[in-house]
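Here the protein sequences come in this chain order: A and B.
Here numbering that gives the first Met the number 0 is used: the first residue of the first sequence is 0, the next is one more, and so on.
Here numbering that gives the first Met the number 0 is used: the first residue of the second sequence is 0, the next is one more, and so on.
2 protein chains.
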Amino acid sequence: MSKLSKSIDELVAAFKKFPTVGEKSATRFAYFLMKQPKSEVKKLIDAIVTLKSEVKFCSNCFSLDDSDPCCICANPKRDDKVICVVETPVDLRAIERTKKYAGKYFVLHGVLSPLDGITPRDLRIDKLIALVKGRGVKEVILATNPRAQGETTANYIKGQFAGLGIKVSRIAYGVPVGSELEYVDSLSLARSLEGRVQY
Amino acid sequence: MSKLSKSIDELVAAFKKFPTVGEKSATRFAYFLMKQPKSEVKKLIDAIVTLKSEVKFCSNCFSLDDSDPCCICANPKRDDKVICVVETPVDLRAIERTKKYAGKYFVLHGVLSPLDGITPRDLRIDKLIALVKGRGVKEVILATNPRAQGETTANYIKGQFAGLGIKVSRIAYGVPVGSELEYVDSLSLARSLEGRVQY
C-alpha cells in the first residue's frame, strides 16, 4: 500500500491490538472517530483516562471497580454466604446482566494452565479459601467457562473444599459446550445458574 | 444489572457508539484497555488526538490525509489521467491494499440517496466533473459499492460524462477469488458468467 496518512495508520495500528479487531474494523473505527464532533472524542478520551486512574482491584473479590471494596462487596443487600467464582470481570458482568444472581463473586483472572505456568497461586485460590472460611460461606458456585481449562479449574477448586461441609455447585450445562460465557445470551445463562447442580 | 463501576460503564458506552460494536465487544475493549500498560494507552490517546488535529480533507480528491494535497494527489508517479471514484476513504484504503492501482482517486463521502436528501451536490459531483475536464482525465473508474445505491450513483456519474469522449468504466462483478461456486449467490454467479473474459 502506498503510504497513506500517518495519523490514520497509527490509530489503525492501535485499534488493531484490541481483541477481535482486524485491519478492516480498525480502519472503520478510525474513520468513525474522524467524523465525530470533538466533544464526543473528548468524552471517549476522558473515559479512557478515568478508567486507567480510577479503576482498581477489589481486595475482597478481585473484581474491578472505582472503589475498594467494590460496589458488589459493599452492598449489604447481597448475600455474602454465596460466592460465584468467575474467570474474568467480563464474565462477572455477563452474570450480572442475567439479574438472577444476588450473591457475591470471586474473580480468578484466569484459569489453571500448567503449560502456560498458571498455577493456583496465580489465581489466588488461597485467598478464595480464606474468604470462604472466614466469612462462613455456605455455597460456592463455580462459573468458570464450560471448556476444558475452566472445567479443570472448577474441579481443582472443588477439591479444595472437600470435607469442609461447604456446598460446591457448578453452573449447569444449559450453556452450550465450547462457548464462552461472554457470548451466551442472558436467558440461557440465567437458566444455567438456576439449574446448577451439586458438584 | 446492579450498578457496576461507573468508569467502566462510561467507557463501554463510548465504545458502543463505534460502528458494529455492541455491549459485549465494548466491554471486552474496556477490560482490554484496563489490562494494558499506561504507555500503550497513552499511545492510543495520542493517536486519537493527532488524528483529530492533523487529518484534513484533500482539496483535490476529498480523501483524508495529514497533508493537503494528500500524499496520493501529491505523488508524481501516480497517473493523474485516471480517476477512481469511491464512496469512502475506507474503500480507498481497500483499493490501495490491492497494490494494483496507480491512478488517482475521488472520494464521494456517500452515495446518492434522494430519500435521505443526499443529492449530487452533497457528493461534490460538480467538483469531480471540473477535475476530470481540467486535468484532461482519460478514464473514470466507478468503484462505488456493488449494491443498489452504489449502482445508482455510478449510473448517475456515468450520465454526467456522456458525450465528452471520456472512458467511464465500472469495477467488475463476479465470484470472489477463493470462493466455491456452490456457495456463491446466484446473482453474482450470473454476473460473473455475463462478464466472462477471453482466457
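Note that the Cβ used here is the ideal one computed from N, Cα and C, for glycine as well.
All values derive from a computational prediction rather than experimental measurement.
- Message: Spatial neighbours of residue 94 (chain B) within its chain, please: C-beta separation below 6 angstroms, excluding the five flanking residues on both sides.
- Response: Counting only Cβ-Cβ distances below 6 angstroms, and skipping sequence neighbours, we find 100.
- Contact set between residue 30 (chain B) and chain A, taken where Cβ atoms lie within less than 8 angstroms: The answer, in chain order, is 63, 87, 88 and 89.
- Please list the partners that residue 131 (chain B) has in chain A, where partner means a Cβ-to-Cβ separation under 7 angstroms. Residues of chain A passing the Cβ test: none, with the nearest at roughly 22 angstroms.
- Message: For a minimum of 3 consecutive residues, which ranges assigned as the beta strand (DSSP E) are wholly contained in the segment 69-122 of chain B?
- Response: Unbroken beta strand (DSSP E) runs of no fewer than 3 residues, entirely contained in the segment 69-122 of chain B, are found at 78-85 and 102-106, following chain order.
- Query: Does residue 36 (chain A) have its Cβ less than 7 angstroms from a Cβ in chain B?
  - Reply: Residue 36 (chain A) does not count as touching chain B.
- Limits of the alpha helix (DSSP H) - the one that residue 193 (chain B) falls within: Looking at the DSSP string, the run of the alpha helix (DSSP H) that includes residue 193 (chain B) is 185-193.
- Taking residue 183 (chain A) and residue 143 (chain A) to be in contact with their CB atoms under 8 angstroms, please state how far apart those CB atoms are, rounded to whole angstroms. 13 angstroms between Cβ atoms; not a contact.
- Message: Can you tell me whether residue 179 (chain A) is helix, strand or coil according to DSSP?
- Response: DSSP places residue 179 (chain A) in coil when its eight states are reduced to three.
- Message: At the level of alpha carbons, what is the spacing between residue 12 (chain B) and residue 161 (chain B)?
- Response: Taking the straight line from one Cα to the other gives about 49 angstroms.
- Query: Taking the C-alpha atoms as reference points, what is the distance between residue 109 (chain B) and residue 104 (chain A)?
  - Reply: If I take the Cα positions, the gap works out to 48 angstroms.
- residue 27 (chain A), enclosing beta strand (DSSP E) - first and last residue: Looking at the DSSP string, residue 27 (chain A) is not in any beta strand (DSSP E); the run it does join, the alpha helix (DSSP H), is 22-34.
- Taking all protein chains shown into account, do 16 or more other C-beta atoms lie within 10 angstroms of the C-beta of residue 141 (chain A), making it buried, or fewer, making it exposed? With a 10 Å radius around the Cβ and a threshold of 16 neighbouring Cβ atoms, residue 141 (chain A) comes out buried.
- Determine, using beta carbons only, whether residue 44 (chain B) comes closer than 7 angstroms to chain A. Judged by the 7 angstroms Cβ criterion, residue 44 (chain B) is in contact with chain A.
- Measure the CB-CB distance between residue 6 (chain A) and residue 54 (chain B) and report whether it falls below 7 angstroms. For residue 6 (chain A) and residue 54 (chain B), yes; Cβs fall inside 7 angstroms.
- Item | Under 7 angstroms between C-beta atoms of residue 48 (chain B) and residue 30 (chain A) | Cβ atoms of residue 48 (chain B) and residue 30 (chain A): not closer than 7 angstroms.
- Beta-carbon proximity of residue 191 (chain B) to residue 174 (chain B), cut-off 7 angstroms: Yes.
- Buried or exposed by the 16-neighbour rule on C-beta atoms within 10 Å, applied to residue 25 (chain B): The residue in question, residue 25 (chain B), is buried, as its Cβ has 16 or more Cβ neighbours within 10 Å.
- Task: Ignore the nearest five residues each way along the sequence and tell me which others in residue 122 (chain A)'s own chain have a CB closer than 6 angstroms to its CB.
- Result: The answer, listed in chain order, is 107 and 109.
- Thinking residue 62 (chain B) and residue 64 (chain A) are a contact (beta carbons under 8 angstroms), I'd like their distance in whole angstroms, please. A Cβ-Cβ distance of about 44 angstroms is found for the pair residue 62 (chain B) and residue 64 (chain A), leaving them out of contact under the 8 angstroms criterion.
- Item | Of the listed residues A:102, A:56, A:52 and A:50, nearest to residue 74 (chain A) (C-alpha basis) | Of A:102, A:56, A:52 and A:50, the smallest CA-CA separation from residue 74 (chain A) is found for A:102.
- Message: Using a Cβ-Cβ cutoff of less than 7 angstroms, which residues in the same chain neighbour residue 187 (chain A) once the five nearest sequence positions on both sides are dropped?
- Response: Excluding residues within five positions, the ones whose Cβ falls inside 7 angstroms are 173 and 174.
- Message: Looking at chain B, is there any beta carbon in it that lies within less than 7 angstroms of the beta carbon of residue 4 (chain A)?
- Response: Closer than 7 angstroms: yes.
- Use the C-beta contact count for residue 0 (chain B): other C-beta atoms within 10 angstroms, 16 or more gives buried, fewer gives exposed. Interpretation of residue 0 (chain B) is limited by its pLDDT of 43, a score under 50 that renders its predicted location unreliable; the figure taken from the coordinates is listed afterwards. Exposed, because fewer than 16 other Cβ atoms sit within 10 Å of the Cβ of residue 0 (chain B).
- What is the rounded straight-line gap between the Cα of residue 135 (chain A) and the Cα of residue 82 (chain A)? C-alpha separation (whole angstroms): 11 angstroms.
- Which runs of the alpha helix (DSSP H), 4 residues or longer, sit entirely within the segment 114-167 of chain B? Residue ranges of uninterrupted alpha helix (DSSP H) with 4 or more members, entirely inside the segment 114-167 of chain B and ordered along the chain, are 124-134 and 147-159.
- Candidates A:18, A:170 and A:27: which alpha carbon is nearest residue 10 (chain A)'s? Here the closest residue by C-alpha is A:27.
- Would you verify that the beta carbon of residue 25 (chain A) is, or is not, closer than 7 angstroms to some beta carbon of chain B? For residue 25 (chain A), no Cβ of chain B is located within less than 7 angstroms of the residue's own Cβ.
- Query: So what does DSSP say about residue 17 (chain B), is it helix, strand or coil?
  - Reply: Correct three-state label for residue 17 (chain B): coil.
- Item | For residue 64 (chain A), the residue or residues it bridges with in DSSP | BP columns for residue 64 (chain A) point to A:55.
- Task: Go through its chain and collect everything with a Cβ distance to residue 149 (chain B)'s Cβ below 7 angstroms, but skip five positions before and after it.
- Result: Taken in chain order, the residues that qualify are 86, 110 and 143.
- Query: Of all Cβ atoms in chain A, is any one closer than 7 angstroms to the Cβ of residue 75 (chain B)?
  - Reply: Nearest CB-CB separation between residue 75 (chain B) and chain A: not below the 7 angstroms threshold.
- Count the other C-beta atoms from every protein chain shown that fall within 10 angstroms of the C-beta of residue 176 (chain B), then say buried if there are 16 or more, exposed otherwise. By the neighbour-count rule (16 or more Cβ atoms within 10 Å), residue 176 (chain B) is not buried but exposed.
- Item | Beta-carbon neighbours of residue 10 (chain B), restricted to chain A and to distances below 7 angstroms | Neighbours of residue 10 (chain B) on chain A, chain order: 46, 47 and 50.
- Work out the CA separation of residue 131 (chain A) and residue 34 (chain A) for me, nearest whole Å. Roughly 51 angstroms between the two C-alpha positions.
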